[in-house]
Amino acid sequence: MTQARIAIIGAGVVGATAALVLARAGHPVDLYSDRTAEQLRDDVPATGTAVLFGHSRDVDHTLVEELYPDAPLSTGMNTRLNTGEPGALEQVLAFDPDFTYTAAGIDVRLRAYDRIRLFEQAGGTVHVETVTPRNSTPSPPRTT
Numbered sequence: 024m025t026q027a028r029i030a031i032i033g034a035g036v037v038g039a040t041a042a043l044v045l046a047r048a049g050h051p052v053d054l055y056s057d058r059t060a061e062q063l064r065d066d067v068p069a070t071g072t073a074v075l076f077g078h079s080r081d082v083d084h085t086l087v088e089e090l091y092p093d094a095p096l097s098t099g100m101n102t103r104l105n106t107g108e109p110g111a112l113e114q115v116l117a118f119d120p121d122f123t124y125t126a127a128g129i130d131v132r133l134r135a136y137d138r139i140r141l142f143e144q145a146g147g148t149v150h151v152e153t154v155t156p157r158n159s160t161p162s163p164p165r166t167t
C-alpha cells in the first residue's frame with residue numbers, strides 16, 4: 024500500500040515546524056510557499072512573537088532540537104512609564120518583575136528558514152508557487 028503524501032500550505036514557523044516533525048516521523052510531506060526560504064528570511068517584514076517564554080520554549084524543544092544555544096536569554100524585565108510632560112521625570116508606573124523561567128528571543132523568520140532547511144534535509148519537498156483553491160494539481164518541486 025502506498026503511503027499518502029501530506030501537503031502543508033504555508034512555510035512560516037508553524038507550517039515549517041509541522042512539515043519537519045512529520046517528515047522526521049517518516050511521512051512523505053510537501054510544503055508549499057509562495058516564497059523561497061531565503062525570501063521568507065530576508066524579504067518579509069518582522070512579524071509574530073520573537074520571544075519564546077518559559078513553557079513555550081520547552082514545548083518548542085520537544086518538536087525541534089535547540090537550534091540557538093547562544094541566543095540571548097532573559098530572566099526578567101523592567102518597565103517605566105513617565106507622565107509625558109516635557110522635562111518631567113515623575114514615574115506614573117514602574118515595575119521590575121523577575122521571570123520564574125527563562126525567555127529567549129529568536130526572530131520568527133530565522134526560525135522558519137532554519138526549519139525549512141532541516142525539513143529538506145529530512146527528505147521533505149518544498150514547492151515554491153502560489154497556491155489557490157483551483158490549483159489542485161501540484162507542480163514538480165522547485166529548488167529553493
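In this note's numbering, the protein residues as written are 24 to 167. Ideal Cβ positions, reconstructed from N, Cα and C, are used throughout, including at glycine. On a predicted model such as this, the values are computed, not experimentally measured, just so you know.
Check	Outcome
Within a Cβ cutoff of 6 Å, which residues of the same chain sit near residue 141, ignoring the five residues on either side of it in sequence?	43
Round the Cβ separation of residue 79 and residue 151 to the nearest angstrom and send it over; I've been treating them as touching at under 8 Å.	About 29 Å; that fails the 8 Å criterion.
Measure the C-alpha to C-alpha separation of residue 92 and residue 128 and round it to an integer number of angstroms.	11 Å
Let's see if you can read the secondary structure: which residues bound the beta strand (DSSP E) around residue 103?	102-105
Taking the alpha carbon of residue 117 as the reference point, which residue from 103, 155, 81 and 68 has its own alpha carbon closest?	103
Would the beta-carbon of residue 45 fall within 8 Å of that of residue 52?	yes
For residue 177, does the count of other Cβ atoms within 10 angstroms reach 16, so buried, or fall short, so exposed?	A question about residue 177 goes unanswered here, because the residues of the chain that appear run from 24 up to 167.
Taking only the alpha-carbon atoms, compute the straight-line gap between residue 30 and residue 149 and give it to the nearest angstrom.	10 Å
Going by C-alpha distance, which of 96, 84 and 54 is nearest residue 32?	54
Helix, strand or coil for residue 116, going by three-state DSSP, please let me know.	strand
Would the beta-carbon of residue 126 fall within 8 Å of that of residue 75?	yes
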